[in-house]
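Asker:
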Amino acid sequence: MRFYIASSFRNMEHVHYTAEQLVLRGHTHTYDWTRHGKATTHAELAAIGEAEMEGVIRSDVFIMMMPAGKGSHIELGIALGTGKEVWIYSESEHVYEPEQSSTFYHLPEVKRFVGTIENLIESVSKYERVKIK
801 MRFYIASSFR NMEHVHYTAE QLVLRGHTHT YDWTRHGKAT THAELAAIGE
851 AEMEGVIRSD VFIMMMPAGK GSHIELGIAL GTGKEVWIYS ESEHVYEPEQ
901 SSTFYHLPEV KRFVGTIENL IESVSKYERV KIK
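Rendered as structure tokens:
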């Protein structure tokens with residue numbers, strides 16, 4: 801399985817840990833956006849945007865770890881639009897409550913996951929995509 805993890809810079813430790821654990825289980829990380837730091841020029845923004853979009857497109861599974869910023873939500877749109885397996889992870893239910901939530905979190909193809917990161921890693925690792933014909 802090829803995976804991409806979207807989140808905010810505040811979540812970098814969780815992103816690193818999750819990616820590391822999935823790679824140890826034999827999965828492939830399509831792009832690690834945490835390694836480039838914050839962009840300071842238009843050229844850097846464009847290059848990073850292209851790399852992130854390519855990472856999402858090349859993935860089989862897209863994971864968005866909350867809290868997530870505007871870039872993550874754009875990546876969520878790319879993942880949904882290209883038919884990726886989408887998981888949204890939060891440590892608590894509050895992000896799914898109507899006053900806090902996005903309509904896109906509630907699409908039938910989105911798997912909303914609440915719990916520990918370890919349980920998320922296990923669930924994503926075991927999940928086998930079922931293609932509807």
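Under the working numbering, the first residue of the sequence shown is numbered 801, with each subsequent residue one higher.
No residue lacks a Cβ here, since even glycine has one placed at the ideal position from N, Cα and C.
Source: prediction; values computed, not measured.
Would you list the residues sitting across from F862 in a DSSP beta bridge?
Answerer: Mapped onto the sequence shown, residue 862 falls at position 62. Y804, V886.
Asker: Would you kindly work out how many angstroms separate the C-alpha atoms of S925 and A819, rounded to a whole number?
Answerer: As a working mapping, residue 925 is identified with position 125 in the sequence shown. As a working mapping, residue 819 is identified with position 19 in the sequence shown. Straight-line Cα distance between these residues: approximately 11 Å.
Asker: Judging by CA-CA distance, which residue of T834, V895, L845, G826 is the nearest neighbour of G915?
Answerer: Stepping through the sequence shown from its first residue, residue 915 is reached at position 115. G915 has its Cα closest to that of V895, out of T834, V895, L845, G826.
Asker: Once you ignore the five residues that flank M812 on each side, which residues in its own chain have a CB closer than 6 Å to its CB?
Answerer: Position 12 of the sequence shown, counting from 1, holds the residue named residue 812. Hits under 6 Å: T834.
Asker: Suppose contacts are defined by Cβ-Cβ distances below 8 Å. Is A806 in contact with A851 by that definition?
Answerer: By one-based count along the sequence shown, residue 806 stands at place 6. By one-based count along the sequence shown, residue 851 stands at place 51. No. Outside cutoff.
Asker: Could you say if the stretch 866–883 and the stretch 814–832 meet the contact criterion of at least three C-beta pairs nearer than 8 Å?
Answerer: No contact exists between the stretch 866–883 and the stretch 814–832.
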